[in-house]
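J.: The numbering used here runs 21 ahead of the 1-based position in the sequence shown.
Beta carbons are placed, not taken as given, at the ideal position from N, Cα and C, and that holds for glycine.
Quick caveat: nothing in here was measured; it's all calculated off a predicted structure.
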Amino acid sequence: MTTQTESPGNSIAAELLDGFREIVGDEGLLHNADELLVYECDGYIVEKKSPDVVVFPTTTEQVVAIVRLCNKFDVPFVPRGAGTSLSGGCLPVGGGVMITLTRMRQILEINLRDRYAVVEPGLVNVHLTQRLKDTSYHYAPDPSSQGACTIGGNVATNSGGPHTLKYGVTVNHVLGIEAVLPDGSVVELGGPAGAVGGYDLTGLFVGSEGTFGICTKVIVRLTRDPAAYRTLLGVFETVADATQAISGIIGAGIIPAALELMDQGIVGAIEEAYKFGFPLDAGAVLLMEVDGLEVAVDEEAERMVKICNEHGAREVRRATSEAERQLLWKCRKQAFGAVGRLSPSYCTQDGVVPRTRLPEILEFITATGQEHGIRIVNVFHAGDGNIHPILLFDERDQEQIDRVMKASDAILSKCLELGGSVTGEHGIGVEKIGFMDKMFTAEDLDVMADIRLVFNPDSRCSPAKMLPTAGACGMEHIERDHPGKQAAS
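1) Looking at C-alpha atoms only, which residue of Glu199, Val140 and Ala290 is the closest neighbour of Ser364?
2) Mind pulling the beta strand (DSSP E) runs of 3 or more residues that sit fully within the stretch 225-260?
3) Taking a contact to mean a Cβ-Cβ separation below 8 angstroms, would you say Thr377 touches Ser268 in this structure?
4) Could you tell me the distance, in whole angstroms, from the CA atom of Phe385 to the CA atom of Asp430?
5) Considering Cα atoms alone, identify which of Pro78, Leu308 and Leu153 is closest to Glu43.
6) Going residue by residue through the stretch 250-318, where are the continuous beta strand (DSSP E) segments of at least 3 residues, counting only ones entirely within it?
7) Who are the near neighbours of Leu383 in its chain, counting only those whose CB is closer than 7 angstroms to its CB and skipping five residues on each side?
8) Under 8 angstroms: do the stretch 219-233 and the stretch 248-256 share three or more Cβ pairs, one atom per stretch?
9) If we ignore side chains and look at the alpha-carbon of each, how far apart do Ile328 and Ile276 end up?
10) Leaving aside the five residues before and after Tyr65 along the sequence, list all residues of the same chain whose C-beta is less than 6 angstroms from its C-beta, in chain order.
11) Can you tell me which residues form a DSSP beta bridge with Phe98?
12) Which residues share a DSSP beta bridge with Gly211?
13) So which of Lys187, Val443 and Leu144 has the shortest CA-CA distance to Cys170?
14) Bridge partners for Glu384 per DSSP, in chain order?
15) Tell me whether the beta-carbon of Gly102 lies closer than 8 angstroms to the beta-carbon of Gly173.
16) Are there 16 or more other CB atoms within 10 angstroms of the CB of Val288, so buried, or fewer, so exposed?
17) Could you compute how far the alpha carbon of Val176 sits from the alpha carbon of Pro489?
18) Given a threshold of 16 other Cβ atoms within 10 Å of its Cβ, counted over all protein chains shown, does Ile499 qualify as buried or as exposed?
19) Can you name, in chain order, every residue of its own chain whose Cβ lies under 6 angstroms from the Cβ of Glu446, other than the five neighbours on each side?
20) So Leu149 packs on Ala248, CB below 8 angstroms; how close in whole Å?
21) So, under 8 angstroms CB-CB, Val256 and Glu310 are touching, yes? Tell me the CB distance rounded to an integer number of Å.
22) Apart from the five residues just before and just after Val124, which ones in its own chain have a Cβ nearer than 8 angstroms to its Cβ?
23) If you compare alpha carbons, which of Cys62, Asn92, Ala54 and Phe456 is closest to Val74?
24) By a C-beta neighbour count over all protein chains shown, 10 Å radius and 16 as the cutoff for buried, is Gly211 buried or exposed?
25) Tell me, please, whether the CB atom of Glu315 is closer than 8 angstroms to any CB atom in chain B?
26) For Phe401, which residues does DSSP report across the bridge?
27) Going by the DSSP bridge assignment, what does Ile422 pair with across the sheet?
28) Label Ser157 either buried or exposed according to how many other C-beta atoms from any shown protein chain fall within 10 Å of its C-beta, with 16 as the threshold for buried.
29) Go ahead and pull the three-state DSSP assignment for Glu416.
30) Kindly identify the DSSP beta-bridge partner or partners of Val139.
31) Compare the C-alpha of Asp63 against each of Tyr295, Lys238 and Tyr367 and name the closest.
32) What are the residues that DSSP puts in a beta bridge with Val145?
33) Would you report the Cα separation of Ala334 and Val306, rounded to the nearest angstrom?
34) Considering just the uninterrupted stretch of the beta strand (DSSP E) at Tyr188, what are its terminal residues?
35) Indicate whether the contact test is met: 3 or more Cβ pairs, each with one atom in the stretch 455-468 and one in the stretch 202-211, closer than 8 angstroms.
36) Hey, could you find the ends of the beta strand (DSSP E) Ala86 is sitting in?
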């Protein structure tokens, strides 16, 4: 950021920086171009834009002060957690101020008797899991990025995870939220007892992708640990056989805690990284887990083994110890990190189809990769039809990027054609705005826009996100409508 005194815009920028320093100090502020590059994108690396300023509040009061300062100068702002989002949800489209919440990471309260915890939004998901170890309780939502993603980010996108099939997504485990609205006011939605009457505003806020305001505290539900687990690994010659087994398991009335499919490409990367002993010649492996009472899990596990064998499983392995079970889950949850062994860059898609259409969408993904000359590997939440095809490319080659985007659009369009959705847990962000009017009617979108205007009437918070008619966005809007009132150059 330059501060040439002859520029009115730069005078405003200097005044803004001074205001932020008063709120968070020099150690809570970034504004040099080389520092801002770190924040130019989230996990969706295709679109990039650096913010003009990054601030790191540590309290709700500091968030309020930052938002009010942004409002004073009509500057847009966007909240950010760990940046593991995969849809450009925290991209500062037109520049402006990025409010990064990773220093608000305290566990404020754990109440085992009433089964809830109060945490700050920057708390890494797995840190709550670790804190609850040996208490007989856990926080159920466990995204694959659990080791890095934050609870606040999970709230923003209504994250899922491998255990979504049985336990539900983030919204099913959030009892209440404290949030700073875009006008700087603080609201409390829900509470330790959850929604106690009236509209479920907590449920409305979860999944709003930062377009309603900034979450500063979360009250989460704690779930009792199951008495027993049985974790299995089915090995199949083809992806088609594995998907048929998935339909068979669900059709038999079994609700596994998790049902995850990984194809040959991703298995190879995982095996190279972790040396678990996966068969490299298998077309797919299916990670299955049932949990519950000790007297029930063996029977369910046996039924799943039988169904897998009926659908062509080469073998079904069992985790014989807790250490082996944890290693299996480590392999699955760190699969995306292992993809770095296959390609310098990748784009992870997030579609949903009915479970019975899994063979069809996977066949289409294979054909689409061939058509566009893109290698695609797959790892996904098979139990609820949430697919995650991973498109491999080199972001230094614009022609490859173009092919990846065309292939991605084709895959997501096919998900809609098959009766599904273009997102199961990653959100819309900036990546999928173009699909919103394909999924929803104009009336639907008008209602969504009206609801957002109740919370965010000036569209100053997370502008140009989620809805195709997001209105003016970013510094371009400010410079056009308020000459000389630009936060940075």
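T.: In short:
1) Ala290
2) Those beta strand (DSSP E) runs which fall completely within the stretch 225-260 and span 3+ residues are 235-242 and 249-257.
3) yes
4) 12 angstroms
5) Pro78
6) 279-284 and 305-313
7) Val260, Thr264 and Asn399
8) no
9) Separation of Ile328 and Ile276 (C-alpha to C-alpha, rounded to the nearest whole angstrom) is 14 angstroms.
10) Leu107, Ser108, Gly109 and Glu452
11) Note: Phe98 is bridge-paired with Val118 and Cys482 in the DSSP secondary-structure output.
12) Gly197
13) Leu144
14) In DSSP, Glu384 forms no bridge with anything.
15) yes
16) Val288 is buried by the Cβ-count criterion.
17) 22 angstroms
18) Because the pLDDT of Ile499 is 33, which lies under 50, any placement of that residue in the model is unreliable, and the number read from its coordinates should be weighed accordingly. Burial call: buried.
19) Ser180 and Gly181
20) Here Leu149 is actually not in contact with Ala248; their C-beta atoms are around 22 angstroms apart, not less than 8 angstroms.
21) Not really, about 16 angstroms apart at Cβ, beyond 8 angstroms.
22) Sequence inspection shows Arg at residue 124; the Val mentioned does not correspond to that position. Within the same chain, Arg124 has close Cβ partners Gly49, Phe77, Pro78, Thr79 and Gly143.
23) The option with the nearest alpha carbon to Val74 is Ala54.
24) buried
25) Although the question refers to chain B, the structure presented lacks it and comprises just one protein chain.
26) DSSP, once it has assigned bridges, lists Leu282 as partnering Phe401.
27) The partner list for Ile422 (beta bridge, DSSP) is empty, contrary to what the question assumes.
28) exposed
29) coil
30) The secondary-structure analysis by DSSP pairs Val139 across a beta bridge with Glu130 and Ile240.
31) When Tyr295, Lys238 and Tyr367 are compared, the shortest CA-CA separation from Asp63 is found for Tyr367.
32) Thr171
33) 9 angstroms
34) No beta strand (DSSP E) contains Tyr188, which is instead part of the alpha helix (DSSP H) from Thr185 to Tyr188.
35) no
36) Counting along the chain, Ala86 falls outside any beta strand (DSSP E), though it belongs to the alpha helix (DSSP H) covering Thr81 to Lys93.
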